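Position 107 of the sequence shown, counted from 1, bears residue number 106 in numbering that gives the first Met the number 0, the numbering being contiguous throughout.
Think of the CB as a built atom: it goes at the ideal place given N, C-alpha and C, for glycine as much as any other residue.
Predicted model only: the values in this text are computed from it and were never measured.
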Amino acid sequence: MAGFRAQGSGPIDIRAIPHPAVTLALAFNPGTLVVEDATGRRPGALVAGLAFSDLQVRGRDMEAVQIRLSPLLAYTTLGTSAAELEGAVVALDELWGRDAERVQEQLSEAPSWQDRFALLDTLLVRRYEAGRPERAMPPEVAHAWNRIVRACGRIRVEELAAEVGWSRQRLWARFRSHIGLTPHRAAKLVRFHHAAHRLAAGRTPAGAAAESGYYDQSHLHRNVRAFTGITPTTLADEPFLAVDDLAWPGQAPPVTRTGRSPEERKRPPTDPEVPSAR
0 MAGFRAQGSG PIDIRAIPHP AVTLALAFNP GTLVVEDATG RRPGALVAGL
50 AFSDLQVRGR DMEAVQIRLS PLLAYTTLGT SAAELEGAVV ALDELWGRDA
100 ERVQEQLSEA PSWQDRFALL DTLLVRRYEA GRPERAMPPE VAHAWNRIVR
150 ACGRIRVEEL AAEVGWSRQR LWARFRSHIG LTPHRAAKLV RFHHAAHRLA
200 AGRTPAGAAA ESGYYDQSHL HRNVRAFTGI TPTTLADEPF LAVDDLAWPG
250 QAPPVTRTGR SPEERKRPPT DPEVPSAR
């Protein structure tokens, strides 16, 4: 969870970088926030699925909160699964109705960032506890996702299938029906996520490729192109990655997050966090 303030600094126009999570964005207070993809523009409050593409974030004089949710928890908290989103962007009021507007109003009235985070923590826990149990994630799929995360994307589908006692074909089908990606593409997305942060932290493309488990630099180049349409060198300078203090500790734009103290944010970059089932 991160909070953004962009006031008096000119317009924002940045590329959103795919992340192995379902992303919830809530803008509040005067100003504008618009996210635009190939299907159109969506203002204010929205949800983006896994492995989105060609997403631009534009805004001016606004405050916003971004929440990254594990796909294992997306349905019970948001009302739609990662598979139903399929990498698309939808307006939050399509999922929550008037509740989306009420949450934005409450965020605007909250006196501090910590109050806003606490408000959203309470909201998400309440929605999770009220979720429909029949749509809960199968434990085999949850295990496969968490293993992909822990392995930083460096695990074979055959190994995952053996661990859960399913055939490769069954795991492939069930994983895709709940997560929205095949296990293989999910692993590629998690590996890309780690490589992107290493590039942003100053690693060379060759170094980032070696540290992230790619065969060579050209393999990394193809993967980055597939998820972003840009080169690894260009990706390293994308400002949207700066929302993660692990990429540029101490150099991020005005952002506040829960769970990490200022001292922790000054530490050298380590493995970036990927939402799992916690």
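- Spanning the alpha carbons of H220 and Q105 requires a straight line of approximately 43 Å.
- Secondary structure at I66: strand, using DSSP grouped into helix, strand and coil.
- Under a 10 Å Cβ-count criterion, V124 is classified as exposed, with fewer than 16 other Cβ atoms of the shown protein chains found around its own Cβ.
- Runs of the beta strand (DSSP E) lying entirely within the segment 3 to 60 and spanning at least 3 residues, in chain order: 11 to 14, 21 to 27, 31 to 36, 39 to 42, 44 to 47 and 55 to 59.
- DSSP, reduced to helix, strand and coil, places A150 outside both helices and strands of the structure shown, so it counts as coil.
- Take the alpha-carbon of R40 and the one of A135: they are about 31 Å apart.
- Within the segment 188 to 235, the complete alpha helix (DSSP H) runs of at least 4 residues fall at 204 to 210, 216 to 227 and 231 to 234.
- Buried is the label assigned to R190, since at least 16 other Cβ atoms lie within 10 Å of its Cβ.
- The residue among R169, E237, G130 and A141 with its C-alpha nearest the C-alpha of R197 is E237.
- At a Cβ-Cβ threshold of 8 Å, T203 and R126 do not count as neighbours.
- The residues T181, in chain order, have a CB closer than 6 Å to that of R175 in the same chain once the five nearest residues on each side in sequence are set aside.
- By the neighbour-count definition (other C-beta atoms within 10 Å, threshold 16), T22 is a buried residue.
- Counting C-beta pairs closer than 8 Å gives three or more between the segment 31 to 48 and the segment 68 to 87, which meets the contact rule.
- P19 is a Cβ neighbour of H192, given a cutoff of 8 Å.
- The Cβ-Cβ distance between D92 and R57 does not fall below 8 Å.
- Taking each of H218, R155, S211 and L71 in turn and checking the Cα distance to P138, the smallest one comes out for L71.
- In the structure shown, A73 adopts helical secondary structure according to DSSP, grouped into three states.
- The C-alpha of S166 is placed about 23 Å away from the C-alpha of C151.
- Within its own chain, the residues whose Cβ lies closer than 7 Å to the Cβ of V102, once the five positions on either side in sequence are excluded, are L25 and L122, listed in chain order.
- The shortest CA-to-CA distance from I178 to any of A209, A141, D98 and A37 is the one to A141.
- A residue is called buried once 16 or more other Cβ atoms fall within 10 Å of its Cβ, and S69 is buried on that count.
- Between V156 and W171 a beta carbon distance of about 7 Å is seen, short of the 8 Å cut, so the two are scored as contacting.
- Straight-line measurement puts the Cα of A37 at about 15 Å from the Cα of F226.
- Residue pairing for V124: DSSP places it in no beta bridge.
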